[in-house]
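Plus 1 on top of the position in the sequence shown (first one is 1) and you've got our numbering. Glycine included, every Cβ here is placed at the ideal spot set by N, Cα and C. Note that the coordinates shown come from a computational prediction; the quantities given were computed from them, not determined experimentally. One structure is given here, and the rest of the page talks about it.
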Amino acid sequence: MKIIRLGMLTICCAFCCLLCSCDRTHIGMESALKRYLKDSLPALTARCETTLDAAYMAQTLVGEVKDHPGWEGYPVKLYEYYTGVDKRLGVAKRGKVLMLNPSPEKLAIWIADAVFNATGSVSYEDFETIREWIQWQSGAQFPVSGVVYEDMYVPGHYEPYVFKDGVTVYIADTTMFPQVKENRTCTEEMLDFYLTLTNEDLKPNTGRYARIGSTTREMYYAAGGEAAVGSSLEGKRDQAWLDEVGRLYRKAWKSHHNELITAFAKYKLNQE
């Protein structure tokens, strides 16, 4: 009897280990999507590797920060990076940013799930539409806190944009943001300050778009979002958007389903 009991205990332990080793991100996934990913995930992941290759801020990894307020336990990484040579200054600009970027496989699953939820199936064309958009918009980089330099308006001239919880924010203390338009270069004090921002450090209004797919509040509402986060109108862009974007991204990190990407996909793929 003792031998039988020990054998049963061994089997139970092995079964528990198997359960623990399962990819929990697939729990709750539609069976049709599971079948699609079983054959297609390697190819989709390879496509998403090209997207993550565009993550220009993921240059020098300074370290992992697992105790960042609101993001405790998540593998947030601190990066130092340099822009290209700024055409107006003749030198590169240095930035610091905390990011939580997905792996190529996680990104592929998020996009495939978003397309499936938006259209009821997954086509390579629709997958590529969303993937290419994310690559162009953000390189799949999710800034938890810090400065993002972009040459959005003048090619080769890099302007600083401060981010918190995946959204552009505006610093209340004007002395902590570079004011000379022709030379918006952040000081070391500014760079460090942006890594520790609280909502109290910010102006009431935030930016319109949520990383990593530039989801708007209107897309969020149209997809069933219920939190009161304001609107994209000037003066209506409430700080509550930061909290909701952060919450949804943290939720997605442990799941196959990213509600922010899905909201954008429903908007983009259902346009007439």
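Taking DSSP as the reference, what is the three-state secondary structure of residue i?
i, result
"T197", "coil"
"P144", "strand"
"P156", "coil"
"F178", "coil"
"R89", "coil"
"K3", "Here K3 scores only 42 on pLDDT, less than 50, and its place in the model is too uncertain to base an answer on."
"I131", "helix"
"P43", "helix"
"K204", "coil"
"L108", "helix"
"R48", "helix"
"M191", "helix"
"Y57", "coil"
"R36", "helix"
"Y125", "helix"
"E183", "helix"
Please report how far the alpha carbon of residue i lies from the alpha carbon of residue j, in whole angstroms.
i, j, result
"G231", "W242", "7 Å"
"C23", "K269", "Here C23 scores only 38 on pLDDT, less than 50, and its place in the model should not be relied on; the value that follows carries that caveat. Each residue's alpha carbon lies about 33 Å from the other."
"L234", "D54", "34 Å"
"A228", "E245", "7 Å"
"K107", "K255", "10 Å"
"S146", "T197", "7 Å"
"R25", "Y171", "Its pLDDT being 47, under 50, R25 is placed unreliably by the model, and the measurement read from it follows with that caveat. Approximately 37 Å, taken between the alpha carbons."
"F117", "V123", "5 Å"
"G140", "M30", "26 Å"
"P144", "Y195", "11 Å"
"N271", "Q136", "20 Å"
"H69", "D174", "22 Å"
"W72", "N200", "15 Å"
"L62", "L99", "10 Å"
"L90", "G157", "10 Å"
"R185", "M177", "12 Å"
"N206", "G226", "19 Å"
"H257", "D114", "7 Å"
"L42", "K252", "22 Å"
"R218", "T130", "21 Å"
"P76", "G236", "34 Å"
"D127", "E190", "44 Å"
"L38", "Y150", "35 Å"
"Y82", "Y57", "8 Å"
"T361", "G64", "A question about residue 361 goes unanswered here, because the residues of the chain that appear run from 2 up to 273."
"K182", "T169", "18 Å"
Looking at the secondary structure, which residues open and close the alpha helix (DSSP H) in which residue i lies?
i, result
"A266", "E260 to L270"
"E73", "Run containing E73: none; DSSP gives neither H nor E here."
"L62", "Counting along the chain, L62 falls outside any alpha helix (DSSP H), though it belongs to the beta strand (DSSP E) covering T61 to V66."
"K252", "A241 to W254"
Name the one or two DSSP bridge partners that residue i has.
i, result
"T120", "T120 pairs with nothing; no bridge assigned."
"A211", "V168 and T216"
"G225", "G225 pairs with nothing; no bridge assigned."
"V163", "V148 and V170"
"M100", "K78 and P144"
"Y83", "R95"
Between the beta-carbon of residue i and the beta-carbon of residue j, is there less than 8 Å?
i, j, result
"A47", "N102", "no"
"L79", "V66", "yes"
"Q240", "L203", "yes"
"D87", "Y159", "yes"
"R132", "I112", "yes"
"L97", "T84", "The sequence as given places Lys at residue 97; Leu does not occur at that position. No, Cβ-Cβ distance for K97 and T84 is not below 8 Å."
"G167", "G247", "yes"
"A119", "T263", "yes"
"K165", "A223", "no"
"G214", "L249", "no"
"V148", "L192", "yes"
"C187", "P105", "no"
"R212", "R238", "no"
Just checking: is the beta-carbon of residue i within a distance shorter than 8 Å of some beta-carbon in chain C?
i, result
"Y250", "The structure shown contains no chain C, having only a single protein chain."
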